[in-house]
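Student: Before I ask anything, here is the structure I am working with.
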Amino acid sequence: MSTGWQLSEHEDWPADAGIVDDGLEAHNAPWVVGVRSLACLARDAQGRVLGGALGRTWGECAELQQLWVLPEQRKQGLGRALMQRFEAAAAQRGVRRVYLTTFSFQAPRFYAALGYAEQARIEGFGGGHVKYLFLRELPHS
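Take the sequence shown: its letter number 99 is residue 99 in the UniProt record's numbering, and every next letter is one higher.
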């Protein structure tokens, strides 16, 4: 019985990733109305990016997708300031909760110190690493 299709797997797939991304975006479009990007950046006096918090908002939820601080700027409060700015900007859009994922080698203790609560963990990654899902309910204004 012929199906007209064949399956394969690839380690180097970026050339075809756009087809999958575009197809999923087209499928999701009717349901994800109102999703907005949110970026909070820190720059020095010369305009160089020192760090950033990137994500998106949708309804009462915000997803922090990336938080990064230049290595020489770490441990000085910049990450905390970026998170506070991200949360404040999200709250202005009506967001009441922020969620994110992070690995054990990244920043789980940092997020916990900011009031994020662990919701789930996934074990089994190489090197014994764990992936965490964190959630923070924002204070009501």
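From the three backbone atoms N, C-alpha and C, an ideal C-beta is built for every residue, glycine too. On a predicted model such as this, the values are computed, not experimentally measured, just so you know.
1) Which partner residues does L54 have in the DSSP bridge list?
2) Just the C-alpha distance for Q73 and A89, rounded to the nearest angstrom, thanks.
3) Excluding five sequence neighbours on each side, which residues of the same chain lie with their C-beta closer than 7 angstroms to the C-beta of L41?
4) If you pair each beta-carbon of the segment 101-115 with each one of the segment 22-42, do three or more pairs fall below 8 angstroms?
5) What is the C-beta distance between F86 and L64, in whole angstroms, given that I count them as a contact (C-beta under 8 angstroms)?
6) Along the alpha helix (DSSP H) that carries F110, what are the first and last residues, could you check?
7) Taking the alpha helix (DSSP H) that L78 belongs to, which residues open and close that run?
8) Excluding the 5 residues preceding and the 5 following A81 in the sequence, name in chain order all residues of the same chain whose CB lies nearer than 8 angstroms to its CB.
9) Report the residue from W13, A17 and F134 whose alpha carbon sits nearest the alpha carbon of R97.
10) Find the nearest neighbour of M83 within the set A113, S104, F105 and S8, judged by alpha-carbon distance.
11) Kindly indicate which three-state DSSP category E123 falls into: helix, strand or coil?
12) Inspect the beta-carbon positions of L24 and A39 and report whether they are closer than 8 angstroms.
13) Find the nearest neighbour of S37 within the set A15, S2 and V95, judged by alpha-carbon distance.
14) Between which residues of its own chain and Q119 is the CB-CB distance below 6 angstroms, once the five residues before and five after are set aside?
15) Could you compute how far the alpha carbon of D44 sits from the alpha carbon of W13?
Tutor: In brief:
1) By one-based count along the sequence shown, residue 54 stands at place 54. Its beta-bridge partners are A39 and Q66.
2) Here residue 73 refers to the residue found at position 73 when the sequence shown is read from its first residue. Here residue 89 refers to the residue found at position 89 when the sequence shown is read from its first residue. Q73 and A89 have their alpha carbons spaced roughly 22 angstroms apart.
3) Here residue 41 corresponds to residue number 41 of the sequence shown, with the count starting at 1. Cβ-Cβ distances below 7 angstroms link L41 to V49 and G52 in the same chain, with the five nearest sequence neighbours on each side left out; the list follows chain order.
4) Between the segment 101-115 and the segment 22-42, the count of C-beta pairs closer than 8 angstroms stays below three; the two stretches do not touch.
5) Indexing the sequence shown from 1 puts residue 86 at position 86. Indexing the sequence shown from 1 puts residue 64 at position 64. Correct: roughly 6 angstroms between the Cβ atoms.
6) If you number the sequence shown from 1, residue 110 lands on position 110. Residues P108 to A113.
7) The residue given as residue 78 occupies position 78 in the sequence shown. Note, L78: alpha helix (DSSP H), L78 to Q92.
8) As a position in the sequence shown, residue 81 is number 81, starting the count at 1. If we look at A81 and ignore the five residues flanking it on each side, its Cβ neighbours are A42.
9) Counted from its first residue, the sequence shown places residue 97 at position 97. When only C-alpha atoms are compared, the closest one is F134.
10) Residue mapping note: residue 83 aligns to position 83 of the sequence shown, counting from 1. Nearest C-alpha to M83 among A113, S104, F105 and S8: A113.
11) Here residue 123 refers to the residue found at position 123 of the sequence shown. It is coil, neither helix nor strand.
12) Counting from 1 along the sequence shown, the entry for residue 24 is found at position 24. Counting from 1 along the sequence shown, the entry for residue 39 is found at position 39. With respect to A39, L24 sits apart: the two C-beta atoms are not nearer than 8 angstroms.
13) To locate residue 37, count along the sequence shown from 1; it is residue 37. Comparing C-alpha distances from S37 to each of A15, S2 and V95 shows the shortest one belongs to V95.
14) Residue 119 sits at position 119 when you count from the first residue of the sequence shown. Once the five neighbours on either side are set aside, the close Cβ partners of Q119 are L133 and L135.
15) One-based indexing of the sequence shown puts residue 44 at position 44. One-based indexing of the sequence shown puts residue 13 at position 13. Linking D44 to W13 through their CA atoms gives a straight-line distance of about 37 angstroms.
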